[in-house]
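**Q**
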Amino acid sequence: MSDGGGESGSKHQQPHTKRKFSGDDFSQAIAKVAVAQICERVGFQTFQQSALGKLADIAVRYINSVGKAANFYANLSGRAEGNVFDIFQGLEDLGLDQGFSGASDINHCLASSGIVRELIQYANEATDVPFAYAIPHFPVVKDRKPKSSFLQIGEEPPIEDIPAWLPAFPDPQTYFESPSQNERASDSYTEKIELGKQQRKMEMSMVNLQRQFSESGPSSFVHGDSSKEKKTVESNPFLSAPLHFEEKEVSSVVLPAKLSKEVALQNPVAKKHVVDNHISVMETFAPALEAMKNRFCESREEQKNIQLDQRPPVQFKIGVGKKSLVKPLKSSPQNMDGGKIDPWFCKENENDERKGDLKIF
Amino acid sequence: MNHNNNFQQSSDGRHDDDAALTEFLSSLMGYTPTIPDELVEHYLAKSGFQCPDVRLIRLVAVATQKFVAEVATDALQQCKARQAAVVKDKRDKQQKDKRLILTMEDLSKALREYGVNVKHQEYFADNPSTGMDPASKEE
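Going down the list, the sequences are from chains A and B. Everything in the first sequence is counted per the working numbering, starting at 1 for the first residue and increasing by one. Everything in the second sequence is counted per the working numbering, starting at 1001 for the first residue and increasing by one.
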């Protein structure tokens, strides 16, 4: 029987623990198991959860009310701690609505009370059914260790006004150095920011340099312009070829001017840049590069125009439907005016047409 | 304790009850009630009753156990009476409901005699079949 009671109790505890825990859950679960064991011994085979919970709740309330009544009678007789007779008195109070033998006698002895006799009889008859589980002592109270006072440590309080029995102060490092640490922290923070700014500046300059090199390097190599090479030689005296004894008298400014004149004849844009060659090499090159690109583009467009003219008109119609409206408009002025059309515009059209051609083929 | 016993002896002089009480209290030391000591101690401490004596805690445990057992016995009687009534009506359900189940219905009836009014809402259902019974009856 006791095993079955244990099983039913454990079965019941399972869903109970899944819910969120409150402070009294553990003791209520224990009460349910105990009540289930009692019910089983009485003769019940199974139970409804709600009925068992209700009965366990009532058992707990019974313990509570007995304790309250016993405490009340103990306090009534001027005692803080309870007594057997306080408990009996409390039990009598609780059993009043049930009734017991000798209840009508107000001056009856507590030891010979009907309640006590019934209790003794029950305890003698009932067989011991110990609780199914071993329970630790609960609730677990964590005892706090109070901070030792000045007297216990053996120190003297720093100020006379503080009595020695008060808890000692914490170590002075914990609170004396805190402001200085804060200052340091702030200083280090600002320093870090400044350092970061400096590093960022450095990185930015490095990035700019790299960008300049990446832009200038390949373009200069690709185009291989003689004027640019000469300019670099001029701007950087260490890269220039060693001068002869006779040439030494000639000013360095005049020499490039002569050379640049030849370049200027070829390319008027480059000439302009030679004049203000005191600017950095990249800046001077940039417009020149653009000019070069423009030139290349123009030349390419010319080639393409020629190709366009050569192509049969049927191919224009084969293009994508969207472009068919636009193309004849553009092609007709091209044929009419020719040079007037913006080279970039033409180029784009050309590209589109080429893409269309590619798609078609 | 001795002081109280002496007081009782002097006032009433009922030696038999006194002896029985002391014997009962000493027997509680070897008796292990089903309701564990820790539980009773916890709830007694919650109610404000403080006593270091284990015997008093056991006494409360025995009293509570007696109370619960009485209520359970009454509920069992209610259950048996109900089953006997059902058997007369329907012989089919006899085998199915032969098991003794602690139900709210019986418990509330038993508790009413002990001054506890157990009431629950009409729609309160322990399991899905509980709510189905009136519907099936209507059908």
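Think of the CB as a built atom: it goes at the ideal place given N, C-alpha and C, for glycine as much as any other residue. Values in this document were obtained by computation on a predicted structure and should not be read as measured data.
Strictly under 8 Å for the Cβ-Cβ distance: is Ser104/A near chain B by that measure?
**A** Against the first sequence, residue 104/A aligns to sequence position 104. Taking Cβ atoms only, chain B never reaches closer than 8 Å to Ser104/A, which makes this a no.
**Q** If you count every other CB in all the chains shown that lies within 10 Å of the CB of Pro333/A, and 16 or more means buried, which is it?
**A** Start at 1 with the first residue of the first sequence, and residue 333/A comes out as number 333. Bear in mind that a pLDDT of 45 at Pro333/A, under 50, signals an unreliable position, so the number given afterwards is only what the model happens to contain. Pro333/A is exposed by the Cβ-count criterion.
**Q** Under 8 Å, Cβ to Cβ, is there at least one residue of chain B near Tyr175/A?
**A** Residue mapping note: residue 175/A aligns to position 175 of the first sequence, counting from 1. So no, Tyr175/A is outside the interface.
**Q** Could you give the residue range of the alpha helix (DSSP H) that holds Glu160/A?
**A** Residue numbering aside, residue 160/A sits at position 160 when the first sequence is read from its first letter. Premise fails: Glu160/A is in no alpha helix (DSSP H) and is neither H nor E.
**Q** What is the DSSP secondary structure of Val274/A, counted as helix, strand or coil?
**A** Taking the first residue of the first sequence as 1, we reach residue 274/A at position 274. Only weak support exists for where Val274/A lies, its pLDDT of 46 falling under 50; the value from the coordinates is given anyway. In this structure, Val274/A counts as helix in the three-state DSSP scheme.
**Q** If we count the other Cβ atoms within 10 Å of its Cβ and call it buried at 16 or more, is Gln199/A buried or exposed?
**A** Working through the first sequence from its first residue, we reach residue 199/A at position 199. Per the 10 Å Cβ criterion, exposed.
**Q** Are the Cβ atoms of Ala34/A and Pro1036/B separated by less than 8 Å?
**A** Taking the first sequence and counting its residues from 1, the one referred to as residue 34/A is at position 34. Taking the second sequence and counting its residues from 1, the one referred to as residue 1036/B is at position 36. Contact flag set, yes.
**Q** Which runs of the beta strand (DSSP E) fall wholly inside the region 95-123 of chain A and span at least 3 residues, in chain order?
**A** Qualifying beta strand (DSSP E) stretches: none in this window.
**Q** Determine which residues share a DSSP beta bridge with Leu1102/B and list them.
**A** Residue numbering aside, residue 1102/B sits at position 102 when the second sequence is read from its first letter. Answer by DSSP bridge pairing, in chain order: Phe47/A.
**Q** Please name the residue, chosen from Ala74/A, Val84/A, Ile135/A, Pro130/A, that lies closest to Gln28/A on a Cα-to-Cα basis.
**A** Here residue 28/A refers to the residue found at position 28 of the first sequence. That would be Ile135/A, whose Cα lies nearest to the Cα of Gln28/A.
**Q** Just confirm the distance between the C-beta atoms of Ser149/A and Ala164/A, as a whole number of angstroms; I'd bet it's less than 8 Å.
**A** Indexing the first sequence from 1 puts residue 149/A at position 149. Indexing the first sequence from 1 puts residue 164/A at position 164. Indeed, because the Cβ distance is near 7 Å, the residues count as touching under 8 Å.
**Q** Measuring only the C-alpha atoms, how far is Val1062/B from Thr1073/B?
**A** Counting from one through the second sequence, the residue named residue 1062/B turns up at place 62. Counting from one through the second sequence, the residue named residue 1073/B turns up at place 73. When rounded, the distance between both Cα atoms is 16 Å.
**Q** Quick one: which unbroken alpha helix (DSSP H) runs of 4-plus residues sit fully inside the region 1049-1082 of chain B? Chain order, please.
**A** Complete alpha helix (DSSP H) runs here, min 4: none at all.
**Q** Skipping 5 residues on each side, what residues in its chain have a beta carbon closer than 7 Å to that of Arg117/A?
**A** Locating residue 117/A in the first sequence gives position 117, counting from the first residue. Here the set comprises nothing.
**Q** Name the chain A residues that come within less than 7 Å of Lys1066/B, Cβ to Cβ?
**A** Taking the second sequence and counting its residues from 1, the one referred to as residue 1066/B is at position 66. Going along chain A in sequence order, the residues near Lys1066/B (Cβ under 7 Å) are Leu119, Tyr122.
**Q** Does DSSP put Gly339/A in a helix, in a strand, or in coil?
**A** On the first sequence, residue 339/A is found 339 positions in, with the first residue counted as 1. Because Gly339/A sits at a pLDDT of 45, beneath the cut-off of 50, its placement in the model cannot be relied upon, and the following sentence gives the value as read from the coordinates. The answer is coil: DSSP assigns Gly339/A none of H, G, I, E or B.
**Q** Residues of chain B with CB closer than 7 Å to the CB of Ala70/A, please, in chain order.
**A** The residue given as residue 70/A occupies position 70 in the first sequence. Ordered by position in chain B, the residues that pass the 7 Å Cβ test against Ala70/A are Phe1049.
**Q** Taking only beta carbons into account, state which residues of the region 85-109 of chain A come closer than 7 Å to chain B, listed in chain order.
**A** Under the 7 Å Cβ criterion, the region 85-109 of chain A contributes Phe85, Ile87, Leu91, Asp97, Gln98, Cys109.
**Q** Counting contacts by CB-CB distance shorter than 8 Å, is Glu191/A in contact with chain B?
**A** Within the first sequence, the letter at position 191 stands for residue 191/A. No, no contact with chain B.
**Q** Taking Cβ positions, are Gln89/A and Tyr1114/B nearer each other than 8 Å?
**A** The residue given as residue 89/A occupies position 89 in the first sequence. The residue given as residue 1114/B occupies position 114 in the second sequence. The answer is no: Cβ separation not under 8 Å.
**Q** Against chain B, with Cβ distances strictly below 8 Å, would Leu76/A count as a contact?
**A** Reading the first sequence from its first residue, position 76 is the one you call residue 76/A. Closer than 8 Å: no.
**Q** By the criterion of Cβ-Cβ separation under 8 Å, what are the contact partners of Met1104/B in chain A?
**A** Locating residue 1104/B in the second sequence gives position 104, counting from the first residue. Residues of chain A passing the Cβ test: Gln48, Ser50, Ala51, Lys54.
**Q** Taking its Cβ as the centre, do 16 or more other Cβ atoms sit within 10 Å of Ala70/A, making it buried, or is it exposed?
**A** Walking along the first sequence from the start, residue 70/A turns up at place 70. Ala70/A should be labelled buried.
**Q** Tell me the rounded alpha-carbon separation between Phe1067/B and Arg79/A.
**A** Your numbering for residue 1067/B matches position 67 in the second sequence. Your numbering for residue 79/A matches position 79 in the first sequence. If you take the alpha carbons of Phe1067/B and Arg79/A, they lie about 27 Å apart.
**Q** In three-state DSSP terms, what is Asp1033/B?
**A** In the second sequence, residue 1033/B corresponds to position 33, counting from 1. In the sequence as presented, Asp is not what sits at residue 1033/B; that position holds Pro. Coil at Pro1033/B, not helix or strand.
**Q** Would you mind giving the Cβ-Cβ distance between Leu94/A and Ser65/A, rounded to the nearest angstrom? I have them listed as a contact below 8 Å.
**A** Reading the first sequence from its first residue, position 94 is the one you call residue 94/A. Reading the first sequence from its first residue, position 65 is the one you call residue 65/A. That pair is a contact at about 6 Å.
**Q** Which residues in the same chain have their Cβ closer than 7 Å to the Cβ of Ala31/A, if we skip the five residues on either side of it in sequence?
**A** Within the first sequence, the letter at position 31 stands for residue 31/A. Closer than 7 Å at Cβ, skipping near neighbours: Ala56, Ala59, Val60.
**Q** Return the residue from the list Asp1018/B, Ala1045/B, Asp1016/B, Arg1055/B that minimises the CA-CA distance to Leu1028/B.
**A** If you number the second sequence from 1, residue 1028/B lands on position 28. Closest option to Leu1028/B, Cα to Cα, is Arg1055/B.
**Q** Express the C-alpha separation of Ile115/A and Asp105/A in angstroms, rounding to a whole number.
**A** Taking the first sequence and counting its residues from 1, the one referred to as residue 105/A is at position 105. Taking the first sequence and counting its residues from 1, the one referred to as residue 115/A is at position 115. Asp105/A and Ile115/A: Cα-Cα distance of roughly 13 Å.
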